[in-house]
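Chemist: Residue numbering for the sequence shown follows the UniProt record's numbering, beginning at 1 and increasing consecutively.
Even for Gly, the Cβ is constructed at its ideal location relative to N, Cα and C.
From a predicted model like this one, the values you see are computed outputs, not experimental measurements.
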Amino acid sequence: MSTADPFQDLVTALRRTLTGTSTPAPPASTSAFHTASSSPSVTASHMAKPAPFSGSAEDCNGFILQCSLVLEMQSHLYPDDKAKVAFMIQQLDGKALRWAEPLWTQNTPVVQSLSSFINHFKEVFGKPSWDSSLGERLCNLKQGALSVSDYALQFRTLVAASGWNEQALISRYHQGLDPREQFHLAAYKDTIRLEKFIQLSIRFATRMQLCIEEHQNQRLFPSFHRQPESVSSPEPASRHAD
Numbered sequence: 001m002s003t004a005d006p007f008q009d010l011v012t013a014l015r016r017t018l019t020g021t022s023t024p025a026p027p028a029s030t031s032a033f034h035t036a037s038s039s040p041s042v043t044a045s046h047m048a049k050p051a052p053f054s055g056s057a058e059d060c061n062g063f064i065l066q067c068s069l070v071l072e073m074q075s076h077l078y079p080d081d082k083a084k085v086a087f088m089i090q091q092l093d094g095k096a097l098r099w100a101e102p103l104w105t106q107n108t109p110v111v112q113s114l115s116s117f118i119n120h121f122k123e124v125f126g127k128p129s130w131d132s133s134l135g136e137r138l139c140n141l142k143q144g145a146l147s148v149s150d151y152a153l154q155f156r157t158l159v160a161a162s163g164w165n166e167q168a169l170i171s172r173y174h175q176g177l178d179p180r181e182q183f184h185l186a187a188y189k190d191t192i193r194l195e196k197f198i199q200l201s202i203r204f205a206t207r208m209q210l211c212i213e214e215h216q217n218q219r220l221f222p223s224f225h226r227q228p229e230s231v232s233s234p235e236p237a238s239r240h241a242d
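(1) Helix, strand or coil: which one does DSSP assign to Leu71?
(2) Just checking, does the segment 193 to 202 make contact with the segment 143 to 153 on the three C-beta pairs under 8 Å criterion?
(3) When the Cα atoms are used, what is the spatial distance from Leu77 to Trp99?
(4) For the 8 Å Cβ check, are there 3 or more pairs between the segment 134 to 145 and the segment 107 to 123?
(5) Within the same chain, show all residues whose beta-carbon is closer than 7 Å to that of Gln112, passing over the 5 residues directly before and after it, in chain order.
(6) Our contact map puts Leu194 next to Ile170 with C-beta atoms below 8 Å; I'd like the distance itself, whole angstroms only.
(7) Please report the residue range of the alpha helix (DSSP H) in which Glu123 lies.
(8) Can you tell me whether residue 262 is buried or exposed, with buried defined as 16 or more other CB within 10 angstroms of its CB?
(9) For Ser39, does the three-state DSSP call read helix, strand or coil?
(10) What does the Cβ neighbour count give for Cys211, buried or exposed, with the cut at 16 atoms within 10 Å?
(11) If you reduce the DSSP assignment to three classes, tell me which class Leu92 lands in.
(12) Apart from the five residues just before and just after Gly94, which ones in its own chain have a Cβ nearer than 7 Å to its Cβ?
(13) Sorted by chain position, which residues of the same chain lie with C-beta nearer than 7 Å to Gln91's C-beta, five sequence neighbours on each side aside?
(14) Leaving out the 5 sequence neighbours to the left and right, which residues in its chain are closer than 7 Å to Asp59 when beta-carbon positions are compared?
(15) Sorted by chain position, which residues of the same chain lie with C-beta nearer than 6 Å to Asp178's C-beta, five sequence neighbours on each side aside?
(16) Assuming Ser149 is part of the alpha helix (DSSP H), what are its boundary residues?
(17) Alpha carbon to alpha carbon, how far is Gln209 from Arg180? Give it in angstroms, no decimals.
(18) Residue range of the alpha helix (DSSP H) that residue 259 falls in?
(19) In whole angstroms, give me the CA-to-CA distance for residue 243 and Gln218.
(20) Determine the direct distance from the alpha carbon of Gln106 to that of Phe125, and round the result to whole angstroms.
(21) Below 8 Å CB to CB, which residues in the same chain sit around Gly176 once its five sequence neighbours on both sides are set aside?
(22) When you compare only the Cα positions, how much space is there between Ala86 and Gly62?
(23) Could you tell me the alpha carbon to alpha carbon distance between Ala161 and His215, rounded to whole angstroms?
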């Protein structure tokens, strides 16, 4: 009479256990797919917030731009205008926060609309549409000890809000250049547009710097650049008459 094999009984029990727990596998894959599909939102939530704004007119437009980027890229976190206004107020500090406090606590109409809040924000903290100090800075800007690239960067930054026409900007840029560059670029001042003129000045300055460095190297190592001197044979001694 055969006796039951305990090892076989254990294998059978394990098979039953595995068979019973294998059915929930499809929901697990669905859950994994759901996690993968939601990962972009999780990644987007790590976008850096703007630095706190305390009321500086110089930083006003940049602060609004940074807030707009966050609100656009993370729109799922801020579903309506009031939530977006609340986000902007969270980034305020100092006098800017003191300005916003009564607007929010009194639930004024300006905090119900993002566009209304931004327009009012610009009225309070932004620069006027025509800033006389900007024009003065543009007139006084000179290359000096700056490279042409650095001078061009400062010039472009001021130009963005200057309101000057293009020909006036070309003349002003040309006048601020180093005298050597002014001389070589004078012929192009009235023939090309501002951005092309700026790019031309940068290319010319780069070439001129390369020529200067090459000339300095020739002075430091003249033996590598000196042409070999021709050696002439000595003239025969003149014969004296006997």
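Modeler: Quick look at the numbers:
(1) helix
(2) yes
(3) 25 Å
(4) Result no; under three Cβ-Cβ pairs closer than 8 Å.
(5) Asp81, Lys82
(6) 5 Å
(7) 114 to 125
(8) Residue numbering for the chain in the displayed model covers 1 to 242; residue 262 lies beyond these limits and cannot be assessed.
(9) At Ser39, the pLDDT of 45 sits below 50, so the modelled position is not reliable and the matter cannot be decided from this model.
(10) By the neighbour-count rule (16 or more Cβ atoms within 10 Å), Cys211 is not buried but exposed.
(11) The three-state reading of DSSP puts Leu92 in strand, counting E and B together.
(12) Ser54, Gly55
(13) Lys49, Pro50, Pro52, Phe53, Cys67
(14) Phe53
(15) Gln143
(16) 148 to 159
(17) For Arg180 and Gln209, the gap between their C-alpha atoms comes out near 12 Å.
(18) Any question about residue 259 goes unanswered here, given that the chain covers just 1 to 242.
(19) Since the first residue shown for the chain is 1 and the last is 242, residue 243 is missing from the structure and cannot be characterised.
(20) 21 Å
(21) Leu141, Lys142, Gln143, Tyr151, Phe155
(22) Cα to Cα, Ala86 sits roughly 18 Å from Gly62.
(23) 41 Å
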